[in-house]
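S.K.: Input: one structure, supplied below.
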Amino acid sequence: MRMFTLLLAAMALAPTAASAAPSTDQRGEARLAQALKGRVAGKPVDCINLRGINSTEIIDGTAILYRSGSRLYVNRPEGGSPLRRDDVLVTKLSDSRLCSIDTVRLLDSSTRFQRGFVSLGKFIPYTKPRD
Numbered sequence: 795m796r797m798f799t800l801l802l803a804a805m806a807l808a809p810t811a812a813s814a815a816p817s818t819d820q821r822g823e824a825r826l827a828q829a830l831k832g833r834v835a836g837k838p839v840d841c842i843n844l845r846g847i848n849s850t851e852i853i854d855g856t857a858i859l860y861r862s863g864s865r866l867y868v869n870r871p872e873g874g875s876p877l878r879r880d881d882v883l884v885t886k887l888s889d890s891r892l893c894s895i896d897t898v899r900l901l902d903s904s905t906r907f908q909r910g911f912v913s914l915g916k917f918i919p920y921t922k923p924r925d
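Taking this note's numbering, I'd label the letters of the sequence shown as residues 795 to 925.
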């Protein structure tokens, strides 16, 4: 009987323990919110000029963040493989712009083998408001 009671207690606590750990998407959304803190979203654009991009960051399971000076562009891919922070992004461009119709290949950072791709969505610019 004691074993049965312990088993019931463990089963009752299992869903609570599982739901306490945030998912990759929840962690990604929290990380993205932190990166955008104090910024205001602008009108979505179809393309960004890659010549002005200073850095690119992948937010796990959520978005790709492109930094251009003080402006951040957020792209939430519309389909494809889930994003991982340590992915390597490979783009094949016909000009110096990255557009919402483009696809980006994802390479595993340790093996350099392709592990998937994503189809880009619109780019949402975020800027700090002027005082």
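Yeah, the Cβ is synthetic: ideal placement off N, Cα and C, and Gly gets one too.
#1: When DSSP builds the beta bridges, which residues end up paired with residue 869?
#2: Taking 7 Å as the threshold (C-beta atoms), are residue 874 and residue 907 in contact?
#3: Mind reading off the beta-carbon distance from residue 854 to residue 877? Whole number of angstroms is fine, and I expect it under 8 Å.
#4: As a quick exercise: from 825, 821, 830 and 826, pick the residue whose alpha carbon is nearest that of residue 923.
#5: Quick one: what's got a C-beta closer than 6 Å to residue 849's C-beta in the same chain, skipping five residues either side?
#6: Would you mind sorting residue 843 into buried or exposed? The rule is 16 or more other CB atoms within 10 Å of its CB.
#7: Among the candidates 857, 889, 823 and 902, whose CA atom is the shortest distance from the CA of residue 917?
#8: Which residues in the same chain have their Cβ closer than 7 Å to the Cβ of residue 899, if we skip the five residues on either side of it in sequence?
#9: When burial is assigned at 16 or more other CB atoms within 10 Å of the CB, is residue 887 buried or exposed?
#10: Look up residue 849 in the DSSP assignment and give the residues it is bridged to.
M.R.: To lay it out plainly:
#1: Its beta-bridge partners are 858 and 917.
#2: no
#3: The Cβ separation is near 6 Å, so the contact holds.
#4: 830
#5: Taken in chain order, the residues that qualify are 861.
#6: It counts as exposed.
#7: Distance check between residue 917 and each of 857, 889, 823 and 902 places 857 closest, using alpha-carbon atoms only.
#8: Only 884, 908 and 911 meet the Cβ criterion.
#9: Taking all protein chains shown into account, residue 887 has fewer than 16 neighbouring C-beta atoms within 10 Å of its C-beta and is therefore exposed.
#10: 861
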